[in-house]
Amino acid sequence: MKIKCKVNDLAFIKKAIRSANIGHVVTCKELLGKFTFGEKIIWNGEVFASPDDDYVWVVSSSGNLETQFGPSKEAMIPDSWLTPIRAEPSENSEEEIAEDLNKELAYIDERK
7 MKIKCKVNDL
17 AFIKKAIRSA
27 NIGHVVTCKE
37 LLGKFTFGEK
47 IIWNGEVFAS
57 PDDDYVWVVS
67 SSGNLETQFG
77 PSKEAMIPDS
87 WLTPIRAEPS
97 ENSEEEIAED
107 LNKELAYIDE
117 RK
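What follows is the structure, encoded as structure tokens:
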């Protein structure tokens, strides 16, 4: 499995345990490592179970993210549940980029 996000990337949440977080734009702050589903993750003195077989990020948001402890500016999320937002040069046309964005938005609408 190839990692998609990089430190300090902006990313779009396309999947989440708490559906209220889907659609948020976050910053990838720290890569905690690669974990298997259910594997123990210790972060901020708390023990969590990995929600997927994946790399897990600590992300931050300017708004609140819903967590098991209530609203928070930071949360953990698997890499595959994020879509990085980058200003890299693209070989895709504007139409292809718009089509990809519309697919992501349609996916979010389906999940709500």
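Counting from 7, one number per residue, gives the positions in the sequence shown under this note's numbering.
Heads up, the beta-carbon is just placed ideally off N, CA and C, and yes, glycines get one too.
Quiz item: Taking DSSP as the reference, what is the three-state secondary structure of ASP85?
Solution: helix
Practice problem: Please confirm whether LYS35 and ILE28 have their CB atoms less than 8 Å apart. | Solution: In terms of Cβ geometry, LYS35 and ILE28 do not form a close pair [threshold 8 Å].
Quiz item: What number of angstroms, rounded off, separates the C-alpha of ALA93 from the C-alpha of CYS11?
Solution: 13 Å
Quiz prompt | CYS34: first and last residue of the uninterrupted beta strand (DSSP E) it sits in | solution = 31-41
Exercise. Starting from the C-beta of SER56, find all residues in its chain whose C-beta is less than 7 Å away, skip the five residues before and the five after it, and write them out in chain order.
Key: PHE41, THR42, PHE43, GLY44, GLU45, ILE47, VAL62
Exercise. Give every residue of the same chain whose Cβ lies closer than 8 Å to the Cβ of VAL13, excluding the five residues on either side of it in the sequence, and list them in chain order.
Key: Non-local beta-carbon contacts of VAL13 in its own chain, meaning distances under 8 Å to residues more than five positions away in sequence, involve CYS34, LYS35, GLU36, LEU37 in chain order.
Quiz item: Since ALA17 contacts ILE91 with CB under 8 Å, what's their CB separation in whole angstroms?
Solution: 6 Å
Quiz item: Candidates VAL65, ASP85, MET82, GLU72: which alpha carbon is nearest VAL32's?
Solution: VAL65
Exercise. Pull up the CB-CB distance for ASP85 and ILE9, whole angstroms please, since I reckon it's below 8 Å.
Key: Approximately 5 Å separates the beta-carbon atoms of ASP85 and ILE9; this is inside 8 Å, confirming the contact.
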